[in-house]
Structure formats: C-alpha cells, structure tokens
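For what it's worth, my numbering labels the leading residue of the sequence shown as 66, then goes sequentially.
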Amino acid sequence: MTWFHEKSHTMEEEGGHDVSDLHWLKNHPLLLRGGSEPLRRRLYRVLRQAVVDGRLQAGAILPSTRSLADLLEMARNTVLYAYEQLAAEGYVRADRQGTVVCALGPRDTRTRPVATLPPLSGRSGGVQRPRSAEDQLRPFVPGNPGLDAFPWRVWQRVRARAERQTAAHEAGYRGAGGEPELRQAIATYLRASRGVDCGPQQVIVTEGTQEGLALCAMLLADAGDIAWIEHPGYGGAWAALRAAGLRCEPVTVDMHGMAPPSALWRQSPPRLIYTTPSHQYPLGSVLSLPRRLALLAQARAHGAWILEDDYDSEFRHAGPPLAAMQGLEPDAPVAYLGTFSKTMFPGLRLGFVVVPAAVVDRAEGLAGALWPRGRVADQRALAAFIDEGHFTRHLRCMRGLYAERQQALRAALARVWRWPGTVLGGDCGMHLVISLPDAVSDVAVAAAAAEHRLGPRALSSYGTGGPAGFNGLVLGYAHMPAETVGERVRLLVQAVSQADSAKAKAART
Ligand SMILES: Cc1ncc(COP(=O)(O)O)c(C=O)c1O
Numbered sequence: 066m067t068w069f070h071e072k073s074h075t076m077e078e079e080g081g082h083d084v085s086d087l088h089w090l091k092n093h094p095l096l097l098r099g100g101s102e103p104l105r106r107r108l109y110r111v112l113r114q115a116v117v118d119g120r121l122q123a124g125a126i127l128p129s130t131r132s133l134a135d136l137l138e139m140a141r142n143t144v145l146y147a148y149e150q151l152a153a154e155g156y157v158r159a160d161r162q163g164t165v166v167c168a169l170g171p172r173d174t175r176t177r178p179v180a181t182l183p184p185l186s187g188r189s190g191g192v193q194r195p196r197s198a199e200d201q202l203r204p205f206v207p208g209n210p211g212l213d214a215f216p217w218r219v220w221q222r223v224r225a226r227a228e229r230q231t232a233a234h235e236a237g238y239r240g241a242g243g244e245p246e247l248r249q250a251i252a253t254y255l256r257a258s259r260g261v262d263c264g265p266q267q268v269i270v271t272e273g274t275q276e277g278l279a280l281c282a283m284l285l286a287d288a289g290d291i292a293w294i295e296h297p298g299y300g301g302a303w304a305a306l307r308a309a310g311l312r313c314e315p316v317t318v319d320m321h322g323m324a325p326p327s328a329l330w331r332q333s334p335p336r337l338i339y340t341t342p343s344h345q346y347p348l349g350s351v352l353s354l355p356r357r358l359a360l361l362a363q364a365r366a367h368g369a370w371i372l373e374d375d376y377d378s379e380f381r382h383a384g385p386p387l388a389a390m391q392g393l394e395p396d397a398p399v400a401y402l403g404t405f406s407k408t409m410f411p412g413l414r415l416g417f418v419v420v421p422a423a424v425v426d427r428a429e430g431l432a433g434a435l436w437p438r439g440r441v442a443d444q445r446a447l448a449a450f451i452d453e454g455h456f457t458r459h460l461r462c463m464r465g466l467y468a469e470r471q472q473a474l475r476a477a478l479a480r481v482w483r484w485p486g487t488v489l490g491g492d493c494g495m496h497l498v499i500s501l502p503d504a505v506s507d508v509a510v511a512a513a514a515a516e517h518r519l520g521p522r523a524l525s526s527y528g529t530g531g532p533a534g535f536n537g538l539v540l541g542y543a544h545m546p547a548e549t550v551g552e553r554v555r556l557l558v559q560a561v562s563q564a565d566s567a568k569a570k571a572a573r574t
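Take a look at the structure:
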C-alpha cells in the first residue's frame, strides 16, 4: 500500500515545467555501481542531491514512475520508493501536475552561495588534540597506568555479576548523581583514605575528571569569569575551563606548588582556582600545609572556589600523603575531583566530584540535565570492587610495582644520562621529570624521541598561558615493565644526543 498517488502529468498548469531529459541519470556512478546499498536508496540519494544542487529546479515535474523505470531499466517499485521517500522528506510533492520538485527556501540553489560553513567558536580553538590510542601507549608517555598488572580476571568476574544483577527496568534513565552504591563506596573510601569530609549524597559520579571540570565550570562560574590555573599545569583543565567560556589566567608554580602573590588577588580575583595540591602536575611538588591554609583563606575572602584535582595521590612512594584540602576546614569552598582513570584504567571513564552539601541539589540537577548517567553495571561493579577489598589490594600492589618501575628508571638514568639534570617528582605518582640544559630544547628531544617510537613529553609544552618556562622531559614509567626500562632509556639518551648535535650543527652553519 502506498499513499503516493501518482498523477498523469502534463505541464500546462502553475508554471510547472517538465524535465523529460533525465538521461544523465543512466550514467550516474552511484546507480552504475553495485554494493550493499539497495538500488532504491541510491536512486533516492541521487535525486535528492539533484534537488539540493539545483540540477532539478523548484517547479520541475519529474517523469512518471513508469517512464523513469523504463528509462533506467529498473523496477517501477524502485522508482516509486525513491519518489515516496523524497515526498516524505519534502523534496517533491505529488499534485495535479504530477511529481513536482519543491522549493527549498534559502537552500534553493538559484540563491544559494558557494558552500561555506559558519565559523567555529573561538573557545574550541587552541586545544591540544590528544595522541592517538596507539601513540598513547608508547614508552614514557605520561598518564598511563600499568594496564599489564591490572587484575582483569577479578574485574571481569565482578563486572559480569553486576551485569547479571541489573534488571531490565534499570536500563532506563537513571537518577542524577550516579548509582547510590557507588556514591556510598566512594564516600567511605575518601573519608578513610584521603580525609575528605563528605557523605554519599555529596559525591557526584562523572565520566572522569574532564567531565567533572566541565561540570564545576558550569556550576560554579559564569562565562567570562576568571579561572586561575597552575602554570605549568594540566592542559586538560585549561581546555575544559576555556571551553566553558572562562578566562584562564596562569599562576606560576614553584617547587612547593601554587602561591599566588597578593597583588594577583587584588588585580585579577578569580572565581575558580584549579590546583593539584597532593602532586602538582607535572612538576610533582606537594602544596605545603601553610600554603593550603592560605589559599583556602584567600579563596573564602574573595568568593572563589578551589577545584582540587587529586588525580594520583593514591600512589605515594615516600611517607603518608597530606590529607585533602577539602577536609581541612568545615564547609571549605572546594570541589574535590577524583578519577578512576589511574587507579583502575582510563577506558573505564568513571570519576567523581565531591561538592559541599549546600550545593548538591544544583549540582545533581545540572549534571543530570547535561550528562544523564547510564552504565549501571559498570558503576555497580566498581562499587563492589571497592567494597569487597579488591580496590585497596590492587592499589597496594600497584604502589609496590610503580616504586619498582620508578627505581628502574632512576637507576638507568644514573647509568647513562650524560647531561647535568635534576630529577623531580618521585615522591608520588606515575612519572618523573628530568631537567635539560638550556642548550638542548625539550621540544626537539621529544621530536627525536618520537622517531624511536618513544613518547616523553616536553616540559615546556605544559604551559597554561604561553611556554611553561621550564626545559625538561616528563617521563611516564608506570606502564613500563622494569626489565624494559634500560633499553628505552638508552634510546632516549640517543634522542637527546641527536637534538643536542642538531642544535650544535645549526649553530656552526
Ligand atoms: C592532572 C590530571 N588530572 C586528571 C586526569 C584524568 O582525567 P580523566 O579522569 O578525565 O581521565 C589526568 C590525566 O592524565 C591528569 O593528568
């Protein structure tokens, strides 16, 4: 049954004009070519394009389905389908004259200019594109956990059980903020291990820190507000805050973390302050207690929010960690961001933001409206993984493993590194930083290292407002088995030598 009632068509009325010459269709490559797409769909697409391009102009009357089918030597039903689809989408209409091409308004090509796209937003520009998945796993790329040592069997078992326990009705839209079991498990863990002062309702589950930052930017600031960001610092935070329309201002970090001078508070008071106090990213310094308290006091006095990114505090190799800033004072103006990208694996895409109790309602509402949460089984599995002790066991294991891998890296550097250099950042985390002499550009070394399929990152590229002012390499080690480290450091040394001699050669010529 079809609703498409074909009219016999003559061209006498309403300015319609016949397009009897559709012979060009016979040689159209899309119709000649075979392939998996049915012929009726291809005919529809060719005719649609002809209408959009203006080859078939508004008012033109198409041949009857029978004549077109004869012309193209195809079944009449094929043509009928194409006409019906075009009519359903408003490209043609069936009227007394026959099948008439509709005017497409501004898209009518008689008035349509050569295709140009409208401009893109300014705030989406300047964001560094992430490496490809393959390049991301190269030796020395920072930010990779040791996926080779993750307890996959245990996770798969817990994950499969959570999947089985998820009822059909739970696959619908879920409440904002995340699954209650996971919020509870995270709150319990954070209170015990990080001194975070929170109940489960304050935990908003996100798809990682990146989403947490976007949520905080929209919840706690307005477009055009100032956001301070550590310099050098985490490009992902810069990208998220800038894309939310904030004005990012770099705040220089020294070997003890962030210490904004009082003139800056006066001249450029921020609405948001992004910081990584437990392990400054990438330099590795720990924000001292006096600086933490000063930052909290100033933030309160100026009505600013602190975004505390606690991204790898779990991997502490020297002494106990300082407790989170969030728990230092009751009702601290802090949104505490955490991720399971390092403690579990990045592809899990689960993280969280802890917000003050007074903000929960608004945070849940906004998060629920912008990023409705699903993936019930993943969330439940993670809750069970934490509650049943697998998470703590895994962290303990990884702490030992990362200490061993870091040690292997330090030992290899001590054996073969030929330049004066300081190693920073080993007390915590998954990477080391090594300084380079001024004469050897870290960008040139990173490029030379890429030729050896290594992925160290140039320290100067961590600037959040121009070059970072540091020359060195960020060396991720957590994903490199200790026995592979020696050979990779040897290649790295070759890369530094290459960059060094290329520079010397350029200076001579
Ligand atoms: C400082 C910092 N915070 C957070 C993250 C993790 O982000 P996500 O949870 O979106 O994977 C990273 C990843 O490298 C990071 O370097």
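Even glycine gets a Cβ: it sits at the ideal position worked out from N, Cα and C.
When the five nearest sequence neighbours on each side are left out, the beta carbons in the same chain lying within less than 6 Å of the beta carbon of Gln249 are those of Pro265, in order along the chain. Per DSSP, the continuous beta strand (DSSP E) segment holding Ala292 begins and ends at Ile291 to His296.
According to the DSSP secondary-structure assignment, Phe417 is paired through a beta bridge with Val270 and Gly403. Distances taken from the Cβ of Gly416 to the heavy atoms of ligand 1 include one shorter than 7 Å. Taking each of Pro532, Pro94, His321 and Leu538 in turn and checking the Cα distance to Pro521, the smallest one comes out for Leu538. A direct Cα-Cα distance of roughly 15 Å separates Ile269 from Asp443. The Cβ atoms of Leu447 and Leu127 lie no closer than 8 Å to each other. If you look at Val318, you'll find it in the beta strand (DSSP E) that goes Arg312 to Asp319. Taking 7 Å as the cut-off, one finds at least one heavy atom of ligand 1 near enough to the beta carbon of Asp374. Distances from the CA of Gln559 to each of Arg518, Gly155 and Arg331 were compared; the closest alpha carbon is that of Arg518. Rounded to whole angstroms, the gap between the alpha carbons of Thr130 and Ala115 is 17 Å. Taking the Cβ atoms as the reference, Gln391 lies roughly 6 Å from Glu373, within the contact range of under 8 Å. Pro502 counts as exposed, since fewer than 16 other C-beta atoms from the protein chains shown sit within 10 angstroms of its C-beta. Minimum Cα-Cα distance from Leu435 among the listed residues Gly240, His321 and Ala214 corresponds to Gly240. Here Val561 carries a helix assignment [DSSP, helix/strand/coil]. For Asp160, the uninterrupted beta strand (DSSP E) segment begins and ends at Val157 to Asp160. Taking all protein chains shown into account, Val399 has 16 or more neighbouring C-beta atoms within 10 Å of its C-beta and is therefore buried. Of all alpha-carbon atoms in Gly191, Tyr339 and Asn92, the one lying nearest the alpha-carbon of Leu136 is that of Asn92. A contact between stretches requires three or more CB pairs, one per stretch, nearer than 8 Å, and the stretch 453 to 473 meets this requirement with the stretch 363 to 383.
Looking at the DSSP output, Ala523 shares a beta bridge with Leu538. In the three-state reduction of the DSSP assignment, Trp370 falls in the strand class. In this structure, DSSP gives Leu489 an extended state, which the three-state scheme calls strand. Within the stretch 221 to 272, the beta strand (DSSP E) runs of at least 3 residues that lie entirely inside it are, in chain order, 268 to 271.
At a threshold of 7 Å, Gly412 does not count as near ligand 1, since its beta carbon sits no closer than that to any of the ligand's heavy atoms. Gly273 is a Cβ neighbour of Thr404, given a cutoff of 8 Å. Taking C-beta atoms as the reference points, Ala279 and Cys263 fail to come closer than 8 Å.
With fewer than 16 other Cβ atoms from the protein chains shown falling within 10 Å of its own Cβ, Tyr238 counts as exposed. DSSP, reduced to helix, strand and coil, places Arg107 within a helical segment of the structure shown. No residue range can be given for Ser333, since it is assigned to no alpha helix (DSSP H) and is classified by DSSP as neither H nor E. Around the beta carbon of Glu552, fewer than 16 other beta carbons lie within 10 angstroms, which makes this residue exposed.
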